[in-house]
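Encoded as structure tokens, the structure appears first; notes follow it.
In UniProt numbering, the protein residues as written are 1 to 662.
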């Protein structure tokens with residue numbers, strides 16, 4: 001009755017490793033074993049039908065019937081005894097069921113009940129196949145991630161010609177050509193072209209994203225339109241998809257806490273069942289009742305209650321762009337009582353945006369924005385790049401003699417006027433006084449044209465568009481204790497905290513101080529969920545009850561530090577994580593209660609002889625039915641769906657912002 005384990009990596013599906021070392025969803029040996037057992041049970045079933053027909057047709061001649069029934073029993077007994085012997089060498093909860101069924105079979109042979117000895121394994125094997133098929137539905141959702149990439153790619157040669165090559169032949173630095181409809185086979189950077197990408201299979205984001213030259217691209221994405229030339233940066237297991245699939249298999253193989261608890265008491269359970277079966281036999285003298293007790297006590301429904309649910313939840317999480325490193329974190333996530341956020345790149349965009357203009361009297365804001373964007377487009381400085389996008393590219397002005405004074409700013413000529421943007425000292429070098437400096441807690445630049453001071457441009461790292469909704473969703477889920485933990489200045493942290501409604505703010509914190517703040521939260525009796533970018537927050541992520549890293553696009557530190565990884569930076573997925581984990585925990589509790597209650601009732605009925613002369617067969621049928629009910633309840637988790645489009649940033653938000661041009 002043992003369940004089949006998934007492979008440890010998806011390199012075979014990615015086409016980058018030795019396929020012989022990377023089994024598919026079911027290994028060849030496992031598929032062969034399952035096929036042999038099913039074939040033997042079908043042959044034994046046919047022989048059993050012949051034996052029963054002979055017994056009814058020729059009641060005076062039972063020898064032929066017994067011989068055929070014995071042959072049928074022999075065919076299915078060998079696989080069951082083999083499985084039981086293997087379970088003795090490698091103890092597990094599933095192996096306990098094999099051992100109990102084997103004991104029942106030996107008792108049938110000892111008492112000469114060959115009909116039951118044949119029918120019991122048939123029922124159990126068929127039940128096992130149905131259970132395995134039910135589990136495969138959830139596991140297939142995980143295994144599908146590994147099949148997202150094609151087996152060939154168009155590699156662009158030195159002569160500019162494209163040739164089809166196997167994906168495993170690609171090397172870092174190669175360039176590949178992607179047409180509309182192609183699935184990206186490796187991680188890379190776009191060197192030529194623009195297109196819309198469908199990343200739903202990886203991130204759960206249903207809205208395509210627009211990419212241009214210089215943008216990163218992940219294996220598994222689909223090019224919806226346009227033609228792209230991509231330079232390969234990662235292949236095989238090193239790709240984002242390869243790391244994701246490896247994490248998913250690692251999580252599926254991890255045992256849920258409930259399973260570990262059951263395993264701790266499995267030896268006591270076996271002794272108890274043997275004592276009950278022996279007691280029933282001594283009290284009643286009924287072999288049928290004893291066999292029924294052994295079969296009824298098989299804990300398959302109880303054993304599969306947690307793993308089946310965890311596998312389904314992990315598959316659903318992957319569909320939503322949420323990577324969970326182990327099923328234990330699912331239950332821990334359901335119990336978190338506070339949330340600790342990093343600021344930069346987590347609740348904020350991590351990029352500077354124009355938030356306010358302070359124009360001098362008579363100066364048009366549109367003129368300031370066009371001049372600032374035109375100058376900013378000529379530099380790679382973070383402030384300049386932030387200003388370059390505040391107007392559309394076709395509104396950029398034709399500048400000449402552009403120069404950048406490091407540490408001061410930029411200046412250029414526009415017709416007969418000199419345009420200067422930067423620190424007041426830069427403008428002073430041209431005889432211009434930058435006055436009326438406003439209060440601002442972020443970067444701020446002065447702008448002049450000719451001999452006239454035009455005003456100030458103020459920039460800041462603003463909250464993500466979805467942060468307000470995400471934090472409110474968490475509050476509705478009962479997580480009202482929210483902490484902003486950042487290494488940024490207190491003034492900046494207070495502003496972001498006020499915007500998001502976070503009152504508990506810890507600023508100017510070094511990585512070690514962040515960790516101690518999280519540990520203080522734990523000592524105060526809370527179970528904090530820590531959200532960060534997985535680099536400077538790695539210590540805090542480890543210290544929390546559950547660590548969540550934002551964005552998994554190739555960040556090794558994020559994958560190593562956190563318990564959960566969000567493929568996108570959409571904070572609303574946090575509430576999805578909580579709801580999924582709570583539903584998973586509720587499903588596990590229902591399944592465990594149902595499996596335990598059903599098993600106890602069945603044992604009592606069997607011990608009291610209420611299952612009749614064919615109690616073992618009835619117990620086997622009812623036992624398999626209860627297991628399938630639990631599996632079906634776990635499968636309901638696969639219907640959980642909160643995928644949907646993330647809000648698109650419209651530049652600076654309505655809380656006092658200047659809109660940026662598209």
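For each residue, glycine too, the CB sits at the ideal point set by N, CA and C.
Since the model is a prediction, treat every value here as computed from it, not as a measurement.
What residue range is occupied by the uninterrupted beta strand (DSSP E) comprising residue i?
i: residue 455; result: 452-463
i: residue 175; result: 175-178
i: residue 166; result: 162-166
i: residue 349; result: 348-359
i: residue 234; result: 228-234
i: residue 65; result: Taken as a continuous stretch (DSSP letters only), residue 65 belongs to no beta strand (DSSP E), being part of the alpha helix (DSSP H) at 63-89.
i: residue 323; result: 322-324
i: residue 187; result: 187-192
i: residue 154; result: 152-156
i: residue 338; result: 338-341
i: residue 198; result: 195-198
i: residue 210; result: 209-211
i: residue 638; result: Residue 638 -> no beta strand (DSSP E), and no H or E assigned at all.
How would you label residue i, buried or exposed, when you count the other beta carbons within 10 angstroms and need 16 or more for buried?
i: residue 472; result: exposed
i: residue 300; result: buried
i: residue 49; result: exposed
i: residue 437; result: exposed
i: residue 112; result: exposed
i: residue 312; result: buried
i: residue 538; result: buried
i: residue 430; result: exposed
i: residue 566; result: buried
i: residue 23; result: Here residue 23 scores only 37 on pLDDT, less than 50, and its place in the model should not be relied on; the value that follows carries that caveat. By the neighbour-count rule (16 or more Cβ atoms within 10 Å), residue 23 is buried.
i: residue 484; result: buried
i: residue 533; result: buried
i: residue 601; result: exposed
i: residue 512; result: exposed
i: residue 640; result: buried
i: residue 211; result: buried
i: residue 39; result: exposed
i: residue 57; result: exposed
i: residue 518; result: buried
i: residue 309; result: buried
i: residue 76; result: buried
i: residue 32; result: exposed
i: residue 476; result: exposed
Between which two residues does the alpha helix (DSSP H) holding residue i run?
i: residue 476; result: 467-476
i: residue 528; result: No alpha helix (DSSP H) holds residue 528; the beta strand (DSSP E) holding it covers 528-532.
i: residue 316; result: 305-319
i: residue 501; result: No alpha helix (DSSP H) contains residue 501, which DSSP labels as neither H nor E.
i: residue 293; result: 287-296
i: residue 668; result: Shown here, the chain extends from 1 to 662; a query on residue 668 therefore has no answer.
i: residue 332; result: 327-334
Please look up how many angstroms separate the CB atoms of residue i and residue j, rounded, as I've assumed it's under 8 Å.
i: residue 171; j: residue 164; result: About 16 Å separates the two Cβ atoms, so there is no contact after all.
i: residue 370; j: residue 387; result: Contact doesn't hold; Cβ gap of about 11 Å is too wide.
i: residue 460; j: residue 355; result: 5 Å
i: residue 213; j: residue 190; result: 5 Å
i: residue 453; j: residue 427; result: 7 Å
i: residue 294; j: residue 73; result: Actually they do not touch by this definition, with Cβ atoms about 16 Å apart.
i: residue 413; j: residue 399; result: 7 Å
i: residue 419; j: residue 375; result: 6 Å
i: residue 638; j: residue 334; result: At roughly 18 Å, the Cβ-Cβ gap does not stay under 8 Å, so residue 638 and residue 334 are not in contact.
i: residue 676; j: residue 624; result: Residue coverage of the chain in this structure runs from 1 to 662, which leaves residue 676 outside it and unanswerable.
i: residue 587; j: residue 634; result: 6 Å
i: residue 541; j: residue 562; result: 5 Å
Looking at residue i and the ligand HEM, is the gap between the Cβ and the nearest heavy atom below 8 Å?
i: residue 264; result: The ligand HEM is absent from the structure shown, which contains no ligands of any kind.
For a cutoff of 9 Å on Cβ pairs, would you count residue i as touching chain C?
i: residue 197; result: Included in the structure is just one protein chain, with no chain C present.
Fill in: Cβ contact check for the stretch 501-508 and the stretch 523-531: 3 or more pairs under 8 Å
Not touching, per the Cβ criterion.
Worksheet entry | Complete beta strand (DSSP E) runs within the stretch 537-603 (minimum length 3 residues, chain order) | Assignment of beta strand (DSSP E) within the stretch 537-603, counting only whole runs of 3 or more residues, yields 546-550, 564-566 in chain order.
Worksheet item: Given 8 Å as the limit, is there contact between the stretch 335-345 and the stretch 442-455, that is, 3 or more CB pairs closer than that?
Response: Touching, no, given that fewer than three Cβ pairs across the two stretches are closer than 8 Å.
Worksheet item: So, do the stretch 302-318 and the stretch 584-595 have three or more beta carbon pairs nearer to each other than 8 Å?
Response: Yes, they touch.
Discussion item. Assess contact between the stretch 317-327 and the stretch 344-352, defined as three or more Cβ pairs (one per stretch) separated by less than 8 Å. Is contact present?
Written reply: Cβ pair count under 8 Å is below three, so no.
Discussion item. Just to confirm the assignment: which complete alpha helix (DSSP H) runs, minimum length 4, are found wholly within the stretch 373-461?
Written reply: Runs of the alpha helix (DSSP H) spanning 4 or more residues and lying entirely within the stretch 373-461 occur at 382-388, 424-428, in chain order.
Discussion item. Does the structure place the stretch 356-367 close enough to the stretch 423-443 that three or more beta carbon pairs sit under 8 Å?
Written reply: With the cut-off at 8 Å, the stretch 423-443 and the stretch 356-367 touch.
Worksheet item: How about the stretch 566-580 and the stretch 272-279: do they share at least three Cβ pairs that are nearer than 8 Å?
Response: At 8 Å Cβ cutoff, the stretches do not touch.
Worksheet item: Contact between the stretch 37-49 and the stretch 99-119: three or more CB pairs below 8 Å?
Response: Judged by Cβ distances under 8 Å, the stretch 37-49 makes contact with the stretch 99-119, as three or more pairs qualify.
Worksheet item: Are three or more beta carbon pairs between the stretch 597-616 and the stretch 282-289 nearer than 8 Å?
Response: Short answer: they touch.
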